[in-house]
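Step one of this worksheet: look at the structure below.
Residue numbers (the working numbering): 1 to 103.
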């Protein structure tokens, strides 16, 4: 049973983050580091959930799965990565069944 669906969008995440910072995104900030921050936020948000399905476009799934396997290998709640052409680059639909849900 899905308890919640959450849409994460990288552009919104960084727009909000930049508005909360005193300085702009520095050009020397690496793209990979920026996405690591975004992916880390998603991982932090789902850590205490019972089951999580990550959906994104093909490149998003590949990149996020690579991040999880290398940076968060013990993130148990992710049960599946699903590819969908309906999401743009930087968009992730997260399907969550929280630990209080029952089948």
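Ideal Cβ positions, reconstructed from N, Cα and C, are used throughout, including at glycine.
Where residue 58 is concerned, the enclosing alpha helix (DSSP H) starts and stops at 58-71. In this structure, residue 92 lies near residue 60, with their beta-carbon atoms less than 8 Å apart.
In terms of Cβ geometry, residue 53 and residue 82 form a close pair [threshold 8 Å]. In the DSSP assignment, residue 93 is bridged to 7 and 55.
Spatial neighbours of residue 43 in its own chain (CB-CB distance under 6 Å, excluding positions within 5 residues in sequence) are listed in chain order as 72 and 75. Straight-line measurement puts the Cα of residue 65 at about 11 Å from the Cα of residue 56.
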